[in-house]
Structure formats: C-alpha cells, structure tokens
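The C-terminal position of the sequence shown is numbered 112 in UniProt numbering, with every residue numbered one higher than the one before it. Heads up, the thing below is written out as structure tokens.
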Amino acid sequence: MASRLNQAFTLKKLTYVAIMMAVFGILLVDQTSARFLDDECRGVMGNRDLYEYVVRICDDCENLFRKSNVGSRCKKNCFYNEDFMWCVRATERTDELEHLNRAMSIIRVGRK
Numbered sequence: 001m002a003s004r005l006n007q008a009f010t011l012k013k014l015t016y017v018a019i020m021m022a023v024f025g026i027l028l029v030d031q032t033s034a035r036f037l038d039d040e041c042r043g044v045m046g047n048r049d050l051y052e053y054v055v056r057i058c059d060d061c062e063n064l065f066r067k068s069n070v071g072s073r074c075k076k077n078c079f080y081n082e083d084f085m086w087c088v089r090a091t092e093r094t095d096e097l098e099h100l101n102r103a104m105s106i107i108r109v110g111r112k
C-alpha cells in the first residue's frame, strides 16, 4: 500500500515538473519570438540576422540617450523614418549606411 502511495506521489511530482517546464519553455519562446513578430517588417522571417543588424542601431541609440521612446520611433515604419537616420548618425555608423540600406530593403519586402 505504501509503495502505491509513493508511486502516485512521484507520478504527481513528475507531472507537476513537466507542466512547469512546458510553461516556462512557452514563455521563453514567446519572448524571443515577439521581437520578430510584433514589428512592421514583413521580410523578417528568414532574415533575422539582417533584422538584428538593423535593430541594433535602434537599441544602441536607445541606450545612448536613455529615453524609452527613442527605440520605438527608430523602428517605426520598418526603420524607414528620420529617427532611424538620426540614430545612425548618433551612433556614428554612417560608414555602414550602404549595408544598412541593403538590409532594410530586404526586411521591408512586402510593405506598401
């Protein structure tokens, strides 16, 4: 009898641990994918490396000026805005402008 109770208790513990691991796994995947799915750029999927390269400008700009709206303004309209260009200059990356324009044109595919 004690053996059956012990097995039932162990099974409940394992079930609980499995459920908790699944929940944490879903939360972690959801957070990492949100960066790519919440954006206005349709060409992100399959081009995450290019997206990360371009979004790094906005992240650095936001860290440089410590204002929460700088990053979102920089990313607006899939980086096609004055704030993005301002951030390129502020982070002293004007020498990368040709490569940035090429990357942006790829991740903006499908936008009107």
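Where a beta carbon is used, it is the ideal one built from N, C-alpha and C, also for glycine. These numbers were taken from a predicted model, which means no experiment stands behind them.
Status (buried if at least 16 other CB within 10 Å, exposed otherwise) for residue i
i, result
"GLY71", "buried"
"VAL44", "buried"
"ARG98", "The amino acid occupying residue 98 in the given sequence is Glu; Arg does not appear at that position. When all chains shown are included, GLU98 counts as exposed."
Rounded C-alpha distance that separates residue i from residue j
i, j, result
"residue 165", "CYS87", "Outside the modelled stretch of the chain, which goes from 1 to 112, sits residue 165, for which no answer is possible."
"ALA103", "ASN69", "23 Å"
"ASP95", "GLU52", "18 Å"
"ARG4", "THR15", "16 Å"
"PHE81", "LYS75", "This sequence places Asn at residue 81; Phe is not what is there. Approximately 8 Å, taken between the alpha carbons."
"ASN47", "ILE106", "8 Å"
As assigned by DSSP and simplified to three states, the class of residue i
i, result
"THR91", "coil"
"LYS75", "helix"
"CYS61", "helix"
"ASN101", "helix"
"TYR51", "helix"
"MET45", "coil"
"ASN69", "helix"
"ARG56", "helix"
"ARG108", "coil"
Proximity below 8 Å, CB of residue i to CB of residue j
i, j, result
"ARG93", "CYS41", "no"
"ARG73", "ASP59", "no"
"THR91", "LEU50", "no"
"VAL54", "LEU11", "no"
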